[in-house]
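If you count the sequence shown from 1, position 83 lands on 470 in the working numbering, and the numbers rise without skipping.
Beta carbons are placed, not taken as given, at the ideal position from N, Cα and C, and that holds for glycine.
As the structure is a prediction and not an experimental result, all values here were calculated from the model.
One structure below.
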Amino acid sequence: MKITITYLLLLIVVFVNGQNVYTSKVMDSNNDPVVGATVNENGTDHYAFTNDEGIFSLETGSTNFKITITSIGLSVMEVVVVDGKLPEVILLEGSSVKLDEVVVTALGIQRERQSLSSAVAKIDSKALTDVPLTNVVNSLAGQVAGVQITNGSSGVGSSSRIIIRGENSLSGNNQPLFVVDGVPISNDLVASDLINDGGNMQEVDFGNGSAELSPDDMASISVLKGPGSAAIYGTRAANGVILITTKRGRQKKGLGISTSNSMTFDKLLTLPDYQDVYGGGSNGTYSFQYGTGAGMNDGGISSYGPKLDEGLLVKQFDSPSVGANGSIVRGGDVIARTLANGSFTEITPTPWISRPDNVRNFFETGVTSQNNFAISSAGDNGSLRVSYSNLRIKAFYQIQT
Numbered sequence: 388m389k390i391t392i393t394y395l396l397l398l399i400v401v402f403v404n405g406q407n408v409y410t411s412k413v414m415d416s417n418n419d420p421v422v423g424a425t426v427n428e429n430g431t432d433h434y435a436f437t438n439d440e441g442i443f444s445l446e447t448g449s450t451n452f453k454i455t456i457t458s459i460g461l462s463v464m465e466v467v468v469v470d471g472k473l474p475e476v477i478l479l480e481g482s483s484v485k486l487d488e489v490v491v492t493a494l495g496i497q498r499e500r501q502s503l504s505s506a507v508a509k510i511d512s513k514a515l516t517d518v519p520l521t522n523v524v525n526s527l528a529g530q531v532a533g534v535q536i537t538n539g540s541s542g543v544g545s546s547s548r549i550i551i552r553g554e555n556s557l558s559g560n561n562q563p564l565f566v567v568d569g570v571p572i573s574n575d576l577v578a579s580d581l582i583n584d585g586g587n588m589q590e591v592d593f594g595n596g597s598a599e600l601s602p603d604d605m606a607s608i609s610v611l612k613g614p615g616s617a618a619i620y621g622t623r624a625a626n627g628v629i630l631i632t633t634k635r636g637r638q639k640k641g642l643g644i645s646t647s648n649s650m651t652f653d654k655l656l657t658l659p660d661y662q663d664v665y666g667g668g669s670n671g672t673y674s675f676q677y678g679t680g681a682g683m684n685d686g687g688i689s690s691y692g693p694k695l696d697e698g699l700l701v702k703q704f705d706s707p708s709v710g711a712n713g714s715i716v717r718g719g720d721v722i723a724r725t726l727a728n729g730s731f732t733e734i735t736p737t738p739w740i741s742r743p744d745n746v747r748n749f750f751e752t753g754v755t756s757q758n759n760f761a762i763s764s765a766g767d768n769g770s771l772r773v774s775y776s777n778l779r780i781k782a783f784y785q786i787q788t
């Protein structure tokens with residue numbers, strides 16, 4: 388066993404000592420260093436990359452070989468090494484290859500930016516995931532000139548509105564068309580049509596289509612501005628197009644696995660100043676009956692009734708009462724307090740005191756947790772990417788009943 392180990396160590400030493408390190412500097416036709424160029428010994432898996440000064444170091448056991456140098460925007464060059472002699476400076480000859488920016492405008496269609504009839508702005512995935520938001524539309528705020536984002540104001544999961552270059556019509560929908568991988572999707576508001584007891588619409592905002600998309604699954608977003616977009620997608624794109632390209636599987640050894648996790652906290656910043664000297668009512672009097680003026684100054688919204696914290700007992704909305712069926716209810720539960728003859732049960736007066744923190748106590752710390760897990764792969768016959776996203780939101784307000 389000892390002899391075998393000794394021979395293995397000797398072999399390893401000989402192998403390491405047999406490696407030669409070749410160092411050179413790669414310059415372009417303007418005598419500027421070429422950064423990030425790939426250097427490969429032909430026919431082997433020996434690679435090196437130039438640093439910020441254009442210098443690379445390649446390890447190989449050969450003394451006579453060829454290397455190929457490639458760099459984006461410059462022509463490919465082969466260098467022959469004879470007897471271990473590599474030039475100190477390698478100049479990439481030939482005309483530079485100019486790269487025109489390409490924009491994906493539809494499924495399978497790529498066009499150069501200058502050939503488009505619409506102005507185009509492109510946002511990469513990093514700008515969308517630096518600070519992940521629950522609605523991808525909100526991530527576009529401040530990213531593109533001429534794009535106005537209005538965040539939802541009805542709480543968690545509410546819709547967000549996007550307008551490109553202002554309102555174009557006094558009637559109809561002025562929002563752009565959303566296209567995901569060449570397929571148009573609906574970004575309309577999803578709302579309820581509930582009618583409350585008073586016969587009025589009690590609409591609930593359930594969000595819009597863009598909220599269903601995860602920024603972690605997006606490769607880029609292109610914003611096509613102006614009516615020229617209609618040449619590609621028809622009249623629905625007269626207000627512009629938000630073109631979303633999702634990520635694809637990339638060819639690599641084994642499976643590509645990516646994860647992302649984020650957690651944000653929402654805290655109430657400030658509140659207006661409220662007066663806590665006088666309670667509801669007016670002219671220094673108040674007594675609740677059923678909120679339409681039957682009591683004392685209980686038919687409107689006013690804040691200058693009796694003084695608070697003076698030891699008074701006053702019939703109030705949340706004062707206890709007895710329902711028609713004998714159960715304990717609040718004074719504000721008017722229907723439950725209604726008797727068969729149309730009268731109402733009595734309300735027990737309660738202390739008329741101030742509650743300076745009642746509005747602040749309505750809010751609590753909100754928590755938003757976003758998690759994404761993706762598996763990708765690609766081969767000669769196609770590519771595959773499967774992802775799972777999980778979004779959990781705890782609202783920063785609480786409703787007590």
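Sequence-distant residues of the same chain with beta carbon closer than 6 Å to residue i, five excluded per side
i: residue 778; result: 757
i: residue 699; result: 693 and 739
Cβ-Cβ separation, residue j to residue i (assumed contact under 8 Å), whole Å
i: residue 414; j: residue 441; result: 6 Å
i: residue 650; j: residue 631; result: About 25 Å; that fails the 8 Å criterion.
i: residue 536; j: residue 546; result: Rounded, the Cβ-Cβ distance is 11 Å, inconsistent with contact.
i: residue 549; j: residue 530; result: So it is not a contact: roughly 11 Å between Cβ atoms.
i: residue 607; j: residue 510; result: 7 Å
i: residue 566; j: residue 620; result: 7 Å
i: residue 655; j: residue 742; result: 17 Å between Cβ atoms; not a contact.
i: residue 426; j: residue 434; result: 7 Å
i: residue 424; j: residue 456; result: 6 Å
C-beta atoms of residue i and residue j nearer than 8 Å
i: residue 647; j: residue 759; result: yes
i: residue 706; j: residue 735; result: yes
i: residue 443; j: residue 450; result: no
i: residue 749; j: residue 703; result: no
i: residue 594; j: residue 610; result: no
i: residue 792; j: residue 623; result: Nothing in the structure corresponds to residue 792, since the chain is present only between 388 and 788.
i: residue 708; j: residue 733; result: yes
i: residue 790; j: residue 476; result: One cannot answer for residue 790 here, as it falls past the ends of the chain, which runs 388 to 788.
i: residue 731; j: residue 677; result: yes
i: residue 652; j: residue 752; result: yes
i: residue 479; j: residue 461; result: yes
Three-state secondary structure (DSSP) of residue i
i: residue 635; result: coil
i: residue 742; result: coil
i: residue 515; result: helix
i: residue 646; result: strand
i: residue 527; result: helix
i: residue 551; result: strand
i: residue 619; result: helix
i: residue 598; result: helix
i: residue 660; result: coil
i: residue 532; result: coil
i: residue 603; result: helix
Residue range of the beta strand (DSSP E) that includes residue i
i: residue 410; result: 407 to 414
i: residue 435; result: 434 to 436
i: residue 676; result: Note, residue 676: premise wrong, no beta strand (DSSP E); not H, not E.
i: residue 717; result: 715 to 717
i: residue 464; result: 461 to 468
i: residue 733; result: Neither: residue 733 is in no beta strand (DSSP E) and is coded neither H nor E.
i: residue 546; result: No beta strand (DSSP E) holds residue 546; DSSP gives it neither H nor E.
i: residue 707; result: 707 to 709
Opening and closing residue of the alpha helix (DSSP H) in which residue i lies
i: residue 761; result: Taken as a continuous stretch (DSSP letters only), residue 761 belongs to no alpha helix (DSSP H), being part of the beta strand (DSSP E) at 753 to 766.
i: residue 724; result: 721 to 724
Residues near residue i by beta carbon distance below 8 Å, same chain, minus five either side
i: residue 400; result: Low confidence applies here, because residue 400 scores a pLDDT of 36, under 50, leaving its location unreliable; read the following figure in that light. Within the same chain, residue 400 has no close Cβ partners at all.
i: residue 689; result: 667, 668 and 669
i: residue 770; result: 635, 636, 637, 638, 763 and 764
i: residue 515; result: 523, 526, 602, 605 and 608
i: residue 773; result: 761, 762 and 763
Sequence-distant residues of its chain with Cβ nearer than 7 Å to residue i (five each side left out)
i: residue 679; result: 686
i: residue 432; result: none
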